[in-house]
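Undergrad: Heads up, the sequence shown stops at 240 in numbering that gives the first Met the number 0, and the numbers go up one at a time, no gaps.
Note that beta-carbon positions come from the ideal geometry of N, C-alpha and C, so glycine has one too.
Model, not experiment: these values are computed from the prediction.
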Amino acid sequence: MLRGYVLHARPYRESSMLLNLLVDGLGRVDAVARVGSGKRSIKSIVQPFQPLLFQLSGRSDLRTLTQIESASPAVPLTGDALYAAMYLNELLVRVLGNHQSGEALFFSYHQSLLALAKGFEQTTLRYFELKLLSELGCMPSLVKDADGADIQADGCYRFIPEQGFTPFIGDARRQEALPGSTLLALAENRLQQEDWQAAKVLTRQLLRPLLGDKPLLSRQLFARRGGNLPREPQPPSRGEK
């Protein structure tokens, strides 16, 4: 039996569902599952945040899910934590695929859900984003700059795509200025509240080429709710230099 989570589900024909899954050891898998109808329907467990056990058959891009059962109770997520978990799901669906399966991401995703179940924290999202970027080969070094020199905690840096971090010369208050202390904190999984904004700016910059210009619906939903889910960084106003 394989274990996995549903990232996204939608109805398919009368008694089946099309599923985007994150499967342990396989990563992103798209499958169709017969869930039945009436009292015998298993639709209630073929849902996001419910750990599942199942079998997969077929060799095409759309597999068949069979022998489906719950592995444990659904991860209890409410409020901000639920919206944050929805963000992780949408992020994975959007980024994985096209030969990028994310086969090593299952455990990190599972641990992130368990952490969110204890309470929403931005650090949970940042660490998972870094794991995702590393898995896809898109994560620059957080301890060495573009020239191979050590990142300095008291320094300030700018990220240059396909190069890495370069020393930032200018007003350290500008959004693109990244404190060296934040980069090192990210590298060592020890983010503090004072690092949150810079870390959010960095991960959004790193994820943008993978996500494209289409907005994430989970961010829009959270914004309407008035929550704290990280949003896209805004460009400087005309008054800023």
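1. Excluding the 5 residues preceding and the 5 following arginine 230 in the sequence, name in chain order all residues of the same chain whose CB lies nearer than 7 Å to its CB.
2. List the endpoints of the continuous alpha helix (DSSP H) containing methionine 138.
3. Can you tell me whether lysine 159 is buried or exposed? The criterion is at least 16 other CB atoms within 10 Å of its CB, across all chains shown.
4. Taking 9 Å as the cut-off, decide whether the C-beta atoms of leucine 210 and arginine 93 are in contact.
5. Specify the secondary structure class of aspartate 60 as computed by DSSP and reduced to three states.
6. Grouping DSSP H, G and I as helix and E and B as strand, with all else coil, what is valine 34?
7. Please classify leucine 91 as buried or exposed, where buried requires at least 16 other C-beta atoms within 10 Å of its C-beta.
8. Can you give the Cα-Cα distance for glutamate 120 and glutamate 161, rounded to whole angstroms?
9. Pull up the distance between the alpha-carbon of glutamate 187 and that of aspartate 23, whole angstroms please.
10. I think glycine 101 touches glycine 26, with their Cβ atoms under 8 Å apart; what is that distance to the nearest whole Å?
11. Pick out whichever of Lys130, Leu132, Gln191 and Ala8 has its Cα sitting closest to the Cα of threonine 122.
TA: If we stick to the structure as given:
1. Confidence at arginine 230 is low in this model, with a pLDDT of 46, below 50, so its placement is unreliable and the value that follows should be read with caution. The residues are Arg218 and Ala222.
2. It is not in any alpha helix (DSSP H) - methionine 138 carries neither H nor E in the DSSP assignment.
3. Lysine is not the amino acid found at residue 159; the sequence shown has isoleucine there. Burial call: exposed.
4. yes
5. coil
6. coil
7. buried
8. 30 Å
9. 25 Å
10. 4 Å
11. Gln191
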